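K.L.:
In the working numbering, the protein residues as written are 1047 to 1141.
(1) Could you work out which residue in 1108, 1064, 1081, 1133 is closest to residue 1118 when comparing CA atoms only?
(2) Any idea which residues DSSP pairs residue 1129 with across the strands?
(3) Considering residue 1054, what are the terminal residues of the alpha helix (DSSP H) in which it resides?
(4) With a Cβ-Cβ cutoff of 9 Å, do residue 1073 and residue 1065 count as a contact?
(5) Can the beta-carbon of residue 1081 be found closer than 9 Å to that of residue 1104?
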C-alpha cells in the first residue's frame, strides 16, 4: 500500500504534528514503508501460537482480591483540599 502526499498531510494533521510542505514526500515514504512491513507481518502463519505478554515466560504476581479501607485514611485525607468527618468534601454539583 502506498501513501500519497495528501494522506501524509492528513495523518500529520490528525497526529498534531507540524510537517513542512517540503517534508511531506519523505513522510509519505516512511508511512508507506511502515505499512508494507505490516503487510509482510500479515503473511506470517501464527496458527497455534499463543499471545504473549513478555519475551520471557513469567507469571504476574497475584494478590488476594479483598476490599479494604486502605488502612491509612488520615494520610489519604491529608491531601484533600477539604475533608470533613473522615470523607472528601466536594462542592454540590446538582441542585
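Just so it is clear, CB atoms sit at the ideal spot from N, CA and C, and this is done for glycine as well. Quick caveat: nothing in here was measured; it's all calculated off a predicted structure.
P.N.:
Straight from the coordinates:
(1) Along the chain shown, read from residue 1 onward, the residue named residue 1118 stands at position 72. The candidate whose alpha carbon is nearest that of residue 1118 is 1133.
(2) As a working mapping, residue 1129 is identified with position 83 in the chain shown. The partner list for residue 1129 (beta bridge, DSSP) reads 1134.
(3) Here residue 1054 corresponds to residue number 8 of the chain shown, with the count starting at 1. Where residue 1054 is concerned, the enclosing alpha helix (DSSP H) stretches over 1051 to 1060.
(4) Taking the chain shown and counting its residues from 1, the one referred to as residue 1073 is at position 27. Taking the chain shown and counting its residues from 1, the one referred to as residue 1065 is at position 19. Closer than 9 Å, so yes.
(5) For the purposes of this step, residue 1081 is taken as residue 35 along the chain shown, with counting starting at 1. For the purposes of this step, residue 1104 is taken as residue 58 along the chain shown, with counting starting at 1. No, they are not a contact pair.
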